[in-house]
Amino acid sequence: MKDVFLAVDAGNTKTWAGLTSADGDLIALARGGVGDIYAPAGPEAARSVVLSLVDEVLTSADLRESDVKHAAFRLAGVDWPVDEQFWSATLEPRFGSLSIKNDGFALIRCGRLDGQGISVVLGTGAALAGRGPEKELALSWWLQHPLGGAGLVNEAMRAVYLAELGMGEATKLAAVLPPLLGASTPEEMLELTTARGNRFDFAAQAAHAPAVLALIDDDPVVAGLVELQAERLTQYIGSLARTCGLVRPVTVVVGGGLVPEPDAPMFAALRRTCDPREIELRHAQAPAPRGSVARCDRRGRRDADGNRSRQADSEAQLITLS
């Protein structure tokens, strides 16, 4: 039997599991719910989602866990050592060769063969990670600004409230966002999203990011919010580059649901805020809605004997799915 690799990408909105061959060909694919142990449903719910998807792809391919050459898990919520320990206790008994990292690392091998550089995943939230000669680091809870789709909507709602209070610039968002949330006024929107028992979580916020971005050409407030997030992301990229000891120009791969295409507004803003002399910005193309595998690099690395590194292949093929 040919070598088979398992990759799992768990996020705050959805989780994907996929099996690939050593050449990156897709064997099986499954999609499920939230796989973040910090999500409101809790760690046991996240574990159930991840394991059920693993079982689903293996069953569909008529394979067992022991048939997997290497398994790479890139999971939202792997923020601290205790989080990695949680997943290790779950996954190590199942797989002989295993890699567990924060989902911020999911894109990093789409940039350079040696796996060095910075990955910026902009989906429900934001996940940034860097790997260099001195260190590797996932920022996760170090991110101190609202970022990604949820962050953009959060800032858009704040802009509506500030405009309502006479403390901010008038914005078309005031007419767009309340109806989307079932409200008729900004005040009603505030109550619906903050009252006890509300379910306006990260995923619910991020779902309205397209409606905000649709106004970018007609509303200076929206354009400013996109530019502001890009500026903040650029600062975090700079921090990662310094911490990891990366040499300029630093390869930075950007992907995720908020930047599905190279001409996406947020990616265009990043091109403006990133100095090309310091940052080599690359876009990781989002796959078709029905799912596909982004084969970041089919060649993989080679070891000292010139043999292809299968583990590197597995990580390079780690699924980056919208």
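318 is the number that the UniProt record's numbering gives to position 318 of the sequence shown; each next residue is one higher, with no gaps.
C-beta atoms are modelled at their ideal positions from N, C-alpha and C, and glycine is treated no differently.
Because the structure is a prediction, the values reported are computed rather than measured.
Distance between residue j and residue i (C-alpha atoms, nearest Å)
i: D201; j: R158; result: 16 Å
i: I279; j: G123; result: 21 Å
i: V54; j: T90; result: 12 Å
i: R277; j: L270; result: 14 Å
i: L29; j: G238; result: 35 Å
i: A10; j: A17; result: 8 Å
i: E188; j: G197; result: 15 Å
i: W87; j: K101; result: 10 Å
i: L225; j: S60; result: 44 Å
i: A207; j: P260; result: 14 Å
i: L240; j: G182; result: 40 Å
i: D217; j: A223; result: 7 Å
i: G77; j: D36; result: 5 Å
i: D25; j: W141; result: 34 Å
i: R47; j: L75; result: 11 Å
i: H145; j: R64; result: 42 Å
i: D219; j: K172; result: 6 Å
i: P94; j: G255; result: First, the amino acid is wrong: residue 94 is Arg here, not Pro. Straight-line Cα distance between these residues: approximately 30 Å.
i: I27; j: S21; result: 7 Å
i: A195; j: A204; result: 15 Å
i: F267; j: E231; result: 11 Å
i: E44; j: N12; result: 15 Å
i: D23; j: W80; result: 33 Å
i: V221; j: D62; result: 53 Å
i: residue 401; j: R199; result: Since the first and last residues shown for the chain are 1 and 322, residue 401 lies out of range.
i: T193; j: P40; result: 16 Å
i: V8; j: E191; result: 37 Å
i: R242; j: L6; result: 32 Å
7 Å CB neighbourhood of residue i in its chain, flanking five on each side removed
i: G33; result: K14, T15 and V49
i: T185; result: P178
i: G168; result: A159 and L162
i: A170; result: A163
i: V176; result: A211 and L215
i: A92; result: With the sequence shown as reference, residue 92 is identified as Glu, and Ala is not the correct amino acid for it. Taken in chain order, the residues that qualify are L98.
i: E134; result: C244 and G245
i: P262; result: H283
Exposure of residue i, with buried meaning 16 or more beta-carbon neighbours within 10 Å
i: V247; result: exposed
i: Q85; result: exposed
i: K69; result: buried
i: E155; result: buried
i: K2; result: exposed
i: D83; result: buried
i: G151; result: buried
i: L137; result: buried
i: D114; result: exposed
i: A126; result: buried
i: L19; result: buried
i: L58; result: buried
i: S66; result: exposed
i: R109; result: buried
i: L180; result: exposed
Residue j beta carbon less than 8 Å from that of residue i
i: A129; j: G104; result: yes
i: L139; j: Y38; result: no
i: Q229; j: L147; result: yes
i: T251; j: G132; result: no
i: A209; j: V153; result: yes
i: L258; j: G149; result: yes
i: V4; j: G117; result: no
Cβ neighbours of residue i in the same chain (closer than 6 Å, five flanking residues each side left out)
i: T234; result: T273 and C274
i: residue 323; result: Nothing in the structure corresponds to residue 323, since the chain is present only between 1 and 322.
i: P289; result: Its pLDDT being 28, under 50, P289 is placed unreliably by the model, and the measurement read from it follows with that caveat. Correct list: empty, nothing qualifies.
i: E56; result: A30
Close Cβ partners of residue i (< 8 Å) along its chain, the five nearest in sequence each way excluded
i: G174; result: Sequence check: residue 174 is Ala here, not Gly. Here the set comprises V160, A163, E164 and P186.
Closer than 7 Å: residue i CB and nearest the ligand NAP heavy atom
i: R271; result: Ligands are entirely absent from the displayed structure, and the ligand NAP is therefore not among its contents.
Check your understanding: Enumerated in chain order, which unbroken segments of the beta strand (DSSP E) with a length of 3 residues or greater are wholly contained in the segment 61 to 133?
Key -> Within the segment 61 to 133, the complete beta strand (DSSP E) runs of at least 3 residues are 68 to 75, 98 to 102, 117 to 122 and 126 to 131.
Point to revise | Minimum length 4: unbroken alpha helix (DSSP H) runs contained in the segment 164 to 230 | key: 173 to 180, 186 to 194, 202 to 206 and 209 to 213
Check your understanding: What residue ranges within the segment 15 to 70 form continuous beta strand (DSSP E) runs of no fewer than 3 residues, ordered along the chain?
Key -> Runs of the beta strand (DSSP E) inside the segment 15 to 70: 15 to 21 and 26 to 32.
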